[in-house]
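Chains as they are written, first to last, in this note's numbering: chain A, 250 to 548; chain B, 250 to 548. Built from N, CA and C at the ideal position, the CB exists for glycine as well. Note that the structure is predicted; figures quoted are calculated from it, not measured.
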């Protein structure tokens, strides 16, 4: 079992590529995949000011580390969602990671903004979608207000493949047509969103994190019960076990060729929210609608 | 728990429709779904001579029974594949079913035609795809030679949904664009192929079979190990358990609307095989190529 690249003893098997690598060449492989993704999708340049959305999980921390290693200018933003112990540990992981490597970062506390944490959301709501809405809104608003030109998230190949499957099973043509590792800044107040790790599998990222002694939060949010995306991921993992490379081919062939089949209905027409001024397709943005609803409940 | 239709005690729950029915109204529901499918896709008319491909499993036997109950002219063709005990029992189930109901049928024995059964196929070949090739070829050839105008198979909603998923995961655009419950007779020697049960779930068909005391073979072919379609079906079943109706919506929205997104590359150009005269896209059809290869091995 020799490393395919250098001939030294190999220790890491990449099943979908059917190769074995030594540790050093695995690191080179990972960086090469990320660099390839950045170049092929024209994700960003050295002139971009990149804000990395760091949750404290392995993916976003590895994303931050890799962008630094590749020489980009980065800044980490962590949103403290106010979900008890989960949020407390997540925050600690981010702070420890950043301080150890002397990276610039900030913590945005949802309780300071809303007056309550995700934990205290009105019952009966679909918590994951509300939480996603709040995170997307504040990531973008923070980036706009602080002059960042790209928001990087840790979404990996399995995340993207599962999202694509979910959108296809429900024929969400709008979402399908826009699915790409780069979501362009189609409005002056919308910052470009990028996914530098889209070419890496979850287990490759976990291994990279472990071999770099990155401490990350390794349990899921306690409130995510009932979310659908883990179901699509599990279904795809099951298929992947039977035919390795399925996720890879499904996603990459879509990105390279078949997404153009879905182009027709993919155009968004953005204006500014009459309440907060941030971009939206409607008169009032979803975030402000949510706030009004919460206030009504509070009265 | 009353029947949604008549108010009498209900005993059957249809999860994807979220309704409870009594036994009689379940039978009406099943027939209505099949009739709806036949009408909506212009599958065939009373003038068609329908050959039902009966394997001895629940789906094809229920298909045969329902077409009879709906007043169509049917004939059953069973292909004895020569796979030991599995083929023997399958054949017995078909003969018993037909004799009990005085239905016309015939048995086509692959061993008589080829000189060997599927069981004795050259090692190392992908048995399921070869077996499928032989079945498709002889179903069509028999129907052509005996003047049938439609070949009906027992494919159900789960079969079709799993096939669609497999084709999408591998972006098989040609297959995707042609997937429909009616495959038209696009050549004088190609008989129309239809799937009257495409609106019914596997468990609904099993229940219909059991309530009608149909004896069917209830174990899978012993040679199917390694086939991919059961994997897609299991993956979809897993998703379906979490969100009932996924298979239904995925398939029906595709058939009604989204299949048109894939139309471009779906045209087939058929000519006649230079060896046997049956339709093919190439000079020699896949069946004859397979025969030549087998003979070479035999020499």
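Rounded to a whole number of angstroms, what is the C-alpha to C-alpha distance between residue i and residue j?
i                      : j                      : result
residue 535 of chain A : residue 255 of chain B : 44 Å
residue 492 of chain A : residue 312 of chain A : 28 Å
residue 218 of chain A : residue 368 of chain A : The structure shown does not extend to residue 218 of chain A, since chain A spans only 250 to 548, so no value can be given for it.
residue 404 of chain A : residue 431 of chain A : 12 Å
residue 330 of chain B : residue 508 of chain B : 34 Å
residue 408 of chain A : residue 379 of chain A : 19 Å
residue 435 of chain A : residue 388 of chain A : 16 Å
residue 528 of chain A : residue 520 of chain A : 5 Å
residue 344 of chain A : residue 489 of chain B : 41 Å
residue 257 of chain B : residue 361 of chain A : 58 Å
residue 318 of chain A : residue 461 of chain A : 12 Å
residue 552 of chain A : residue 267 of chain B : Residue 552 of chain A cannot be examined here, being either before or after the span of chain A that is shown, 250 to 548.
residue 424 of chain B : residue 512 of chain A : 21 Å
residue 250 of chain B : residue 459 of chain B : 22 Å
residue 413 of chain A : residue 413 of chain B : 15 Å
residue 289 of chain B : residue 352 of chain B : 27 Å
residue 354 of chain A : residue 391 of chain A : 12 Å
residue 324 of chain B : residue 348 of chain B : 12 Å
residue 303 of chain B : residue 310 of chain B : 6 Å
residue 377 of chain B : residue 370 of chain B : 11 Å
residue 420 of chain B : residue 262 of chain B : 36 Å
residue 533 of chain A : residue 522 of chain A : 5 Å
residue 537 of chain B : residue 502 of chain A : 33 Å
residue 506 of chain A : residue 272 of chain B : 49 Å
residue 545 of chain B : residue 375 of chain B : 18 Å
residue 474 of chain B : residue 468 of chain B : 13 Å
residue 399 of chain A : residue 437 of chain A : 13 Å
residue 524 of chain A : residue 542 of chain A : 14 Å
When you compare the CB positions of residue i and residue j, do they come within less than 8 Å of one another, or not?
i                      : j                      : result
residue 499 of chain B : residue 426 of chain B : no
residue 476 of chain B : residue 484 of chain A : no
residue 480 of chain A : residue 440 of chain A : no
residue 382 of chain B : residue 357 of chain B : no
residue 298 of chain A : residue 396 of chain A : yes
residue 321 of chain B : residue 295 of chain B : yes
residue 478 of chain A : residue 526 of chain A : no
residue 443 of chain B : residue 293 of chain B : yes
residue 301 of chain A : residue 448 of chain A : no
residue 465 of chain B : residue 306 of chain B : yes
residue 335 of chain B : residue 470 of chain B : yes
residue 540 of chain A : residue 530 of chain A : no
residue 497 of chain B : residue 281 of chain B : no
residue 338 of chain A : residue 366 of chain A : no
residue 291 of chain B : residue 328 of chain B : no
residue 417 of chain B : residue 417 of chain A : yes
At 9 Å on the CB atoms, spell out the chain B contacts of residue i, in chain order.
i                      : result
residue 477 of chain A : 488, 491 and 492
I want to verify the contact list: residues of chain A whose CB lies under 7 Å from the CB of residue i, in sequence order.
i                      : result
residue 510 of chain B : 510 and 511
residue 282 of chain B : Those do not exist, as residue 282 of chain B stays about 21 Å from chain A at its closest Cβ, beyond 7 Å.
Could you name the residues of chain B that residue i contacts, counting a contact when the two beta carbons are closer than 7 Å?
i                      : result
residue 507 of chain A : 420
Can you pull the chain B neighbours of residue i, defined as C-beta to C-beta under 8 Å?
i                      : result
residue 480 of chain A : 487, 488, 491 and 492
Residue i and residue j look like a contact to me (Cβ under 8 Å); what is the Cβ gap, rounded to whole Å?
i                      : j                      : result
residue 286 of chain B : residue 270 of chain B : So it is not a contact: roughly 19 Å between Cβ atoms.
residue 453 of chain A : residue 279 of chain A : 7 Å
residue 445 of chain A : residue 401 of chain A : 6 Å
residue 504 of chain B : residue 429 of chain B : 7 Å
residue 463 of chain A : residue 316 of chain A : Not quite, the Cβ-Cβ distance comes to about 14 Å (not below 8 Å), so this is no contact.
Find the residues of chain A that neighbour residue i, judging by a C-beta separation of less than 9 Å, and give them in chain order.
i                      : result
residue 502 of chain B : 419 and 420
Handout entry: Near-chain A residues of the region 482-500 of chain B (beta-carbon distance less than 8 Å), N- to C-terminal order
Key = 483, 484, 485, 487, 488, 491, 492, 495, 498 and 499
Practice task
Output, in sequence order along the chain, the residues in the region 417-447 of chain A whose CB is closer than 9 Å to any CB in chain B.
Solution key: 417, 418, 419, 420 and 422
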